[in-house]
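Counting with this note's numbering, you get residues 2 to 330 for the letters of the sequence shown. The beta-carbon is built from N, C-alpha and C at its ideal position, and this holds for glycine as well.
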Amino acid sequence: MPTFLAGEFQASASALQEAFPAKLDRLVVLTDGSLQPAFISPDVAARLRDSTSAVRRAVEYAFPPDKPMRAGLAINGYPMEESCNVDLIALKEDIPGMCSDGYIKEMLATFVFDHELGHLVVRNGMSYDEHLNECAADAYAALRHIQRFGKDTGFFESHSRAPHVVLGGSLPHYTDAALREVKALSARKDMTKLSLQETAKRAADIADRCSLGEATLGKLARAYLPVADACKRHIGDRPEVAKRLRHKNDEMWPLMFRETVRVMREYQGDSDIFQAGKSFLSHPDRRKYMEDLARTDPEWKAALDFIDMPEKEGNPAGRPSPQGAKAAL
């Protein structure tokens, strides 16, 4: 693990344990690349009889072979050893994900760390509503990103969770409404001075406002199913699709983007469906790729014009009426 991340994880875990002593008195932070914990509460360290074996078992539990895309995991009450339950955060050192010029790999790793901490310290971070859980954790991690690195890193453009909807993934992880709320809030108020307790409370409030119901998530999944099906036919299973998406300027990008625009056109009166597609296509690398195509291809130019068309009164998605839409791409 890079020295910067090791120090950041340890310092942050220590600060959070002081801020939330009742919630994190048994905190253990592990990575899949080391048998030495990045952080371990003194009480837990004193109680473990064989820490090396306990860490190995925990890492194997957190990152089984059938979960290749998992970047991190938070568990409340994980049994490290018999009669030694802990609050566990496990992190993958080589985290899959798309970064950008401003939003670098270390920031992504720190976001995942803060996300998993958010599950443990934010109200409803471990509730029965999985989508509410993810909104709470992502809102907390987004606020912490601003506090650590500022709000002009390209994070909000680079970290859309829309691929979970568009390409067929984990619907509860589609938390873009919460991320947009954090971005809007940070434009109005200074989030950098919040204490850790205040940050957790603000994240919980954002999650309450921005979590989507099962009906909306189901609607999104059904609308974008043709995109997921096309990717499955032409690319392969979900890990392979995710890999090709992360590969900059991949030859399969036109397929993904074309099918996404097609769905956006079909459901252009639905703001939820339109926004999911727009968030997916607004990643800086994807946007640039489409702009490059649009320089010589009028159909891609029409697609960008459609995506960027300003909101119109009386149209919930801000899109032209179906009769006026050009069925390009």
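Unbroken beta strand (DSSP E) run spanning residue i, endpoints
{"i": "I90", "result": "85-92"}
Backbone CA spacing between residue i and residue j [nearest angstrom]
{"i": "K249", "j": "G214", "result": "33 Å"}
{"i": "G34", "j": "K93", "result": "7 Å"}
{"i": "P66", "j": "V60", "result": "11 Å"}
{"i": "R181", "j": "F157", "result": "8 Å"}
{"i": "A188", "j": "S42", "result": "37 Å"}
{"i": "L218", "j": "L195", "result": "32 Å"}
{"i": "G8", "j": "E292", "result": "40 Å"}
{"i": "Q148", "j": "M108", "result": "12 Å"}
{"i": "Q11", "j": "L31", "result": "11 Å"}
{"i": "L294", "j": "S280", "result": "19 Å"}
{"i": "H284", "j": "L305", "result": "13 Å"}
{"i": "R287", "j": "E252", "result": "12 Å"}
{"i": "A16", "j": "M81", "result": "23 Å"}
{"i": "L256", "j": "H165", "result": "17 Å"}
{"i": "K190", "j": "K302", "result": "36 Å"}
{"i": "E19", "j": "L118", "result": "14 Å"}
{"i": "D271", "j": "D51", "result": "56 Å"}
{"i": "Q276", "j": "D44", "result": "47 Å"}
{"i": "F307", "j": "H116", "result": "34 Å"}
{"i": "S159", "j": "V183", "result": "14 Å"}
Backbone secondary structure at residue i - three-state DSSP
{"i": "N77", "result": "strand"}
{"i": "V29", "result": "strand"}
{"i": "D252", "result": "In the sequence as displayed, the identity of residue 252 is Glu instead of Asp. Coil."}
{"i": "I236", "result": "coil"}
{"i": "T297", "result": "coil"}
{"i": "R266", "result": "helix"}
{"i": "A47", "result": "helix"}
{"i": "I96", "result": "coil"}
{"i": "D153", "result": "coil"}
{"i": "G214", "result": "coil"}
{"i": "M291", "result": "helix"}
{"i": "R71", "result": "coil"}
{"i": "A23", "result": "coil"}
Host alpha helix (DSSP H) of residue i (start-end)
{"i": "N134", "result": "131-150"}
{"i": "H165", "result": "164-167"}
{"i": "F112", "result": "106-122"}
{"i": "P1", "result": "The chain is shown only over 2 to 330; residue 1 falls outside these bounds and no answer can be derived."}
{"i": "S187", "result": "177-189"}
{"i": "S159", "result": "156-159"}
{"i": "K279", "result": "272-282"}
Beta-bridge partners of residue i, as assigned by DSSP
{"i": "F40", "result": "V30"}
{"i": "E82", "result": "C85"}
Neighbour-count burial assignment, residue i, 16 or more Cβ in a 10 Å radius
{"i": "T111", "result": "buried"}
{"i": "S54", "result": "exposed"}
{"i": "T297", "result": "exposed"}
{"i": "Q269", "result": "buried"}
{"i": "Q198", "result": "exposed"}
{"i": "L226", "result": "exposed"}
{"i": "D139", "result": "buried"}
{"i": "D230", "result": "exposed"}
{"i": "E260", "result": "buried"}
Residue i at chain C interface by Cβ criterion, 7 Å
{"i": "E61", "result": "Among the protein chains of the structure shown there is no chain C, as only one such chain exists."}
Contact test: residue i Cβ vs the ligand COA heavy atom, cutoff 6 Å
{"i": "D177", "result": "Absence of the ligand COA from the depicted structure is noted, as is the absence of any ligand whatsoever, leaving it without description."}
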